[in-house]
Amino acid sequence: MSAVRPGSIGTTRVCPHCKATVLASASICPGCRHHLRFNAGTAADAPATRTALRIEGTIGHDVAGESCEYCVVVSISNQHGEKIARQVVGVGALPPGERHSYSFSVELMPVRSGPDRRKA
Ligand SMILES: [Zn+2]
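Set out below in structure tokens:
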């Protein structure tokens, strides 16, 4: 999915636990929360992660006698409006009277500039 060269910013890999595509720099999978690296230094060495965007909401379909199906789609576009990614992250059913909560967040992990660590 990533077009950047290996070892550079934005490089991805697959979580061995849940098979989600995650950043190669991640020490904890954002999907399943399992640890991915055990010799990556202490938590104090890791740059601070901040939540740049969070959207949460609860919806229901309250038409008597009528169930509903849902489809959750996430898309990412760059500043030119070009689609970077579009993915269906969940589908299911929403019976009448039942409510589901949905949460979406974007985490930013600053990358310190400096010498190219791949050559170290
Ligand atoms: Zn995972």
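Once you know that position 102 of the sequence shown is 102 in the working numbering, the rest is easy, because the numbers rise by one and skip nothing.
Glycine residues also receive a C-beta, built at the ideal position from the N, C-alpha and C atoms.
Note that this is a predicted model, so its numbers are computed, not measured.
With respect to the C-alpha of GLU69, the residue from PRO96, PRO16, SER75, VAL106 having the closest C-alpha is PRO96. The continuous beta strand (DSSP E) containing SER103 extends over residues 99–108.
Looking at GLN79, LEU53, SER67, the one whose alpha-carbon comes closest to that of VAL106 is LEU53.
With a 10 Å radius around the Cβ and a threshold of 16 neighbouring Cβ atoms, CYS71 comes out exposed. According to DSSP, residue pairing for ILE28 in a beta bridge involves HIS35. In this structure, THR21 and THR11 do not form a Cβ contact; the two beta carbons are roughly 11 Å apart against a cut-off of 8 Å. Annotation for GLY90 indicates a beta carbon at 8 Å or more from all heavy atoms of ligand 1.
In terms of Cα proximity to VAL63, the closest of LYS83, ARG99, PRO16 is ARG99. Nearest to GLY60 by alpha-carbon distance, out of ALA93, THR49, CYS29, GLU82, is ALA93.
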